[in-house]
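First comes the structure, then the notes that go with it.
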Amino acid sequence: MRFPSEGAELVGVLHLPARAREGERLPAVAVLGSWTTVKEQMPSLYAQRLAAAGFAALTFDLRGFGESEGAPRHEESPARKIEDIRAAVAFLSAHPAVDAGRLGLVGICASSGYIAAEAADDPRVRSVVMVAPWLHDAALAASVYGGPEGVADRVRKGREARARFAAAGEVSYVPAVSTTDSSAAMVGQFDYYLDVRRGGIPQWGNRFAVMSWPGWLEFDALASAPRLRAPTLIVHSEEGAIPDGAKRFAAAMPVAPRVVWMAGTQFHFYDDPATVDRASQEAAAHLRATLAAR
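If you count the sequence shown from 1, you need to add 908 to reach the working numbering.
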């Protein structure tokens, strides 16, 4: 599947139920993964399960990632990604296999903040699912990235990288994940990304554009909560990434979301079969209830 976003062509896969009838219009969702990732990583696992549950489930590469067009490559730009999610909603709305009145969004980790921002401003989105959501504001970002000084240092490096790109077209990259390189976006033994049998696939690339830092760190994922009125499910774990962000987001919503607390680390939600199965089942039940045929 190919569809446009802001002049670039995005590439995706539309997963359909095996027994979908010809001419049937299905409830549909777009499924997005963690920051820096591509459609073949965790989004694919959830999309396959949601398709088996009766939904049309779209996975796609956002601009600058995977098979999609867009430059600079590997830029984690919340604003750009939110635009691409809106383009995906438009694509699904016009697809002949989709019921445009029954559209939802599913976000895993960082994309939860992006889908929330889109859904809060787009009445076409009738249901939202956040799985292991990474939702930070300035205070939570500082708690993760070494305090205000750590944030300021990354923002400075990002702005310097942006200036080099503007002046000479040069994109500065660091690894997305490394166990040894302290400049990497994620430093540590993050096996999901480092194991080629899991998320360390060739399509991913393990690169992070340094100019991404200001946009990522200054993005307030909690800001959309007071505007988000679509029925929402949050599935998370106290062992996962910044669960306080999920709690604060839920508390700020005008209508309380359904919140399911499970066991497991953040990475269990990426590819542990039992965890993904249960989270997908919770998502399917929520979507089935909130995207019921009218």
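For each residue, glycine too, the CB sits at the ideal point set by N, CA and C.
For residue 1192, the closest C-alpha among the options 1134, 1097, 1036 is that of 1036. By the neighbour-count definition (other C-beta atoms within 10 Å, threshold 16), residue 957 is a buried residue. In the DSSP assignment, residue 917 falls within the unbroken beta strand (DSSP E) covering 916-923.
When DSSP states are grouped into helix, strand and coil, residue 961 belongs to the coil group.
Runs of beta strand (DSSP E) with 3 or more residues, each lying fully within the segment 976-1028, are found at 1006-1016, listed in chain order. Residue 1197 and residue 1009 have their C-alpha atoms some 14 Å from each other.
Residue 1122 carries a helical assignment under DSSP once its states are collapsed to helix, strand and coil. Under DSSP, residue 1036 takes part in a beta bridge, and its partners are 1013, 1140.
Under the three-pair Cβ rule at 8 Å, the segment 1171-1187 counts as touching the segment 1140-1150. Inclusion of residue 953 and residue 1118 in the CB contact set at 8 Å is not warranted, their separation being larger than that value. Per the Cβ contact rule, the segment 1129-1146 is in contact with the segment 1012-1032 (3 or more Cβ pairs under 8 Å).
Boundaries around residue 1063 are those of the alpha helix (DSSP H), 1055-1076, since no beta strand (DSSP E) includes it. Less than 8 Å divides the Cβ of residue 1084 from the Cβ of residue 1101. Residue 942 sits close to residue 1019, with the two beta carbons spaced by under 8 Å.
Residue 1085 has 1094 as its beta-bridge partners, per DSSP. Under the criterion of beta carbons closer than 8 Å, residue 1015 and residue 1038 qualify as touching, at roughly 5 Å. Taking all protein chains shown into account, residue 1087 has fewer than 16 neighbouring C-beta atoms within 10 Å of its C-beta and is therefore exposed. Taken through DSSP and simplified to helix, strand or coil, residue 1167 comes out as strand. The Cβ-Cβ distance between residue 1142 and residue 1162 does not fall below 8 Å.
If the five residues before and after residue 939 are omitted, its C-beta is found closer than 6 Å to the C-beta atoms of 951, 954, 955, 965, 967, 1014, all from its own chain and listed in chain order.
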